[in-house]
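Asks:
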Amino acid sequence: MEKNMKHVDVLNEGKKVARLVANRDLDPKNVKQKKESLKKCGVLTPAVIVNGNKAVEQDLEIVDFITGEVISKEDAHKYIVLVEGNHRYQAHLELLKANGKLEEEQKYKKEFFVTYPLDDNMSIMDMLAEINTCTNKWDTKDRVKSITVKENCPKLLLEINKLTNKGYSLNAASLWLTFGTKVNTSVINVAMRGKYLDPLKNDAGIERGLKILNAAKSKLGEDLCKTRTTLSGWIVSKYEKTLDADKANFTDNMIQFINSIDSDNVTYLQKVKGKKGGSSKENLINKKLNELWDSFKVSMESAE
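If you read the sequence shown in UniProt numbering, its first letter stands for residue 1, the second for the next number, and so on.
1. Give me, in chain order, the residues of the same chain whose beta-carbon lies closer than 7 angstroms to that of Leu197; leave out the 5 immediate sequence neighbours on both sides.
2. Measure from the alpha carbon of Leu175 to the alpha carbon of each residue in Leu158, Gly205 and Gly167, then state which is nearest.
3. Measuring only the C-alpha atoms, how far is Arg143 from Asn86?
4. Just to confirm, is the Cβ distance from Val63 to Arg19 under 8 angstroms?
5. Any chance you could list the beta strand (DSSP E) runs of at least 3 consecutive residues sitting entirely within the region 89–132, in chain order?
6. Over the uninterrupted beta strand (DSSP E) stretch that includes Asn51, give me the two end residues.
7. Taking the alpha-carbon positions, what's the Lys78 to Lys16 distance?
8. Cβ atoms of Pro117 and Val50: under 8 angstroms apart, would you say?
9. Hey, could you find the ends of the alpha helix (DSSP H) Leu26 is sitting in?
10. Mind reading off the beta-carbon distance from Glu111 to Gly68? Whole number of angstroms is fine, and I expect it under 8 angstroms.
11. Measuring straight from C-alpha to C-alpha, what distance separates Gly274 and Val298?
12. Would you check if the distance between the CB atom of Lys219 and the CB atom of Asn249 is smaller than 8 angstroms?
13. Specify the secondary structure class of Val43 as computed by DSSP and reduced to three states.
14. Can you pull the DSSP bridge partners for Ala18?
15. Is it buried or exposed, Ser146, if we count other Cβ atoms within 10 angstroms and call 16 or more buried?
16. Relative to the C-alpha of Asn202, which candidate in Leu157, Tyr168 and Asn165 has its C-alpha closest?
17. Keeping to the same chain, check which residues put their C-beta closer than 7 angstroms to that of Val266; ignore five residues upstream and five downstream.
18. Assign Glu159 to one of two classes, buried (16 or more other C-beta atoms within 10 Å of its C-beta) or exposed (fewer than that).
19. Considering only residues of the same chain and omitting the five flanking positions on each side of Thr178, which have a CB-CB separation below 6 angstroms?
20. Using 8 angstroms for Cβ pairs, my map puts Val48 next to Val83. What's the rounded Cβ distance?
21. When the Cα atoms are used, what is the spatial distance from Asp294 to Pro199?
22. Buried or exposed: Met1, going by 16 or more other Cβ atoms within 10 Å of its Cβ?
23. Under three-state DSSP, which class holds Met1?
24. Could you please give the first and the last residue of the uninterrupted alpha helix (DSSP H) stretch that includes Phe296?
25. Thinking just about the alpha-carbon of each residue, which of Asp59, Gln58, Gly209 and Glu291 is nearest to the one in Ala172?
26. Can you grab the Cα-Cα spacing for the pair Gly52 / Ile66, in whole Å?
27. Looking only at C-alpha atoms, which of Leu93, Lys281, Val56 and Met125 sits nearest to Asp75?
28. Can you check whether the C-beta of Ala129 is within less than 8 angstroms of a C-beta belonging to chain D?
29. Judging by CA-CA distance, which residue of Gln256, Leu284 and Glu282 is the nearest neighbour of Met300?
30. DSSP three-state label for Val70, please.
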């Protein structure tokens with residue numbers, strides 16, 4: 001098979017198209033943009049492919065691009081796998097499908113070109129990392145997802161992936177699950193190449209963080225938990241000020257505090273806005289939380 005070819009030539013050779021499970025999910029908005037680009041300019045650069053059997057030999061799971069069915073090791077040789085160009089290919093397929101409703105002169109007639117990588121010795125995951133971090137096309141959520149398909153993926157990263165998939169920033173996810181911000185984009189980029197730095201091995205606080213997060217989501221709503229680091233940062237600051245002898249009770253105390261917030265104050269925390277020339281939204285939330293926390297501590301001491 002030639003290095004560079006048209007998609008139609010691949011089909012004529014009896015090959016089907018697959019995608020890597022480790023690759024990022026298709027974004028409809030991105031596909032829509034690619035459709036406009038393809039209609040106007042066609043494929044400016046070929047999409048990068050590898051043979052299906054090479055992917056499974058490297059323990060990577062692949063699925064049929066159209067049906068989404070997992071491809072067995074026995075059938076992998078029937079496929080070529082898109083390493084780069086998934087959104088463009090999806091856009092290409094959608095444009096071809098739309099041709100059935102168009103007049104001849106309006107039909108999309110561009111070709112889709114693919115190419116094998118110039119370096120046959122590079123691993124597919126290294127290739128994926130280079131393509132999508134050096135060009136800065138992937139966001140953090142996509143990078144985290146690509147790592148979690150590996151068998152030896154750290155437990156902490158699996159939990160971070162669940163949060164970033166729901167819209168949490170990496171910073172917020174790290175604060176909730178580790179009570180720190182050492183799991184940053186640099187750590188994630190290194191992990192994409194199979195090396196897990198110490199911050200990703202810190203899974204001791206996951207259960208604690210999830211318990212508090214679940215209480216906060218239930219009482220205050222998830223938007224306050226994920227859209228900003230104000231709440232998670234405030235909770236971490238209280239933990240850091242807690243005496244070592246009292247830290248064993250911190251989780252239960254914080255959950256009790258969160259559940260004690262009345263509906264008026266919940267509404268305030270959810271809807272407060274910063275004032276131009278005055279306090280920011282973050283400062284107002286912190287101020288209110290501090291007031292409520294101080295009152296909570298007084299009530300706790302009175303009950304003892």
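Quick reminder that beta carbons are idealized off the backbone N, C-alpha and C, glycines included.
Replies: With the structure as the only source:
1. Same-chain partners within the cutoff: Val187 and Val190.
2. Minimum Cα distance to Leu175 is reached at Gly205.
3. Looking at the two C-alpha atoms, the distance is approximately 15 angstroms.
4. Between Val63 and Arg19, the CB-CB gap stays under 8 angstroms.
5. Whole beta strand (DSSP E) segments, 3+ residues: 113–115.
6. For Asn51, the enclosing beta strand (DSSP E) has its first and last residue at Ala47 to Asn51.
7. Roughly 6 angstroms separates the two Cα atoms.
8. Contact: yes.
9. No residue range can be given for Leu26, since it is assigned to no alpha helix (DSSP H) and is classified by DSSP as neither H nor E.
10. Not confirmed; about 25 angstroms, so no contact.
11. Distance between the alpha carbons of Gly274 and Val298: 29 angstroms.
12. Going by beta carbons, Lys219 and Asn249 fall outside the 8 angstroms limit.
13. Val43 carries a coil assignment under DSSP once its states are collapsed to helix, strand and coil.
14. According to DSSP, Ala18 shares a beta bridge with Asp64 and Val81.
15. With 16 or more Cβ atoms within 10 Å of its Cβ, Ser146 is classed as buried.
16. Considering only alpha carbons, the answer is Leu157.
17. The residues are Lys219 and Leu220.
18. Residue environment: Glu159 is assigned as buried (16 or more neighbouring CB atoms within 10 Å of its CB, all protein chains considered).
19. In its chain, beyond the 5 residues on either side, Asn202 and Gly205 have a beta carbon closer than 6 angstroms to the beta carbon of Thr178.
20. So it is a contact: roughly 5 angstroms between Cβ atoms.
21. Spanning the two alpha carbons is a distance of roughly 32 angstroms.
22. Below a pLDDT of 50, predicted positions are generally treated as unreliable, and Met1, at 46, falls in that range; the measurement from the model is reported next regardless. Under the 10 Å beta carbon count, Met1 is surrounded by fewer than 16 other beta carbons and is classified as exposed.
23. Reliability of the predicted coordinates at Met1 is poor, the pLDDT of 46 falling under 50, and the value obtained from them is presented with this limitation in mind. Note: Met1 maps to coil in three-state DSSP.
24. From DSSP, the alpha helix (DSSP H) with Phe296 extends over Lys281 to Ala303.
25. Nearest C-alpha to Ala172: Gly209.
26. Across the structure, Gly52 and Ile66 are spaced so that their CA atoms are roughly 15 angstroms apart.
27. Taking the Cα of Asp75 as reference, the smallest distance to any Cα among Leu93, Lys281, Val56 and Met125 is reached at Val56.
28. Checking the listed chains, one finds no chain D in this structure; it contains a single protein chain.
29. Nearest of Gln256, Leu284 and Glu282 to Met300, Cα basis: Gln256.
30. Correct three-state label for Val70: strand.
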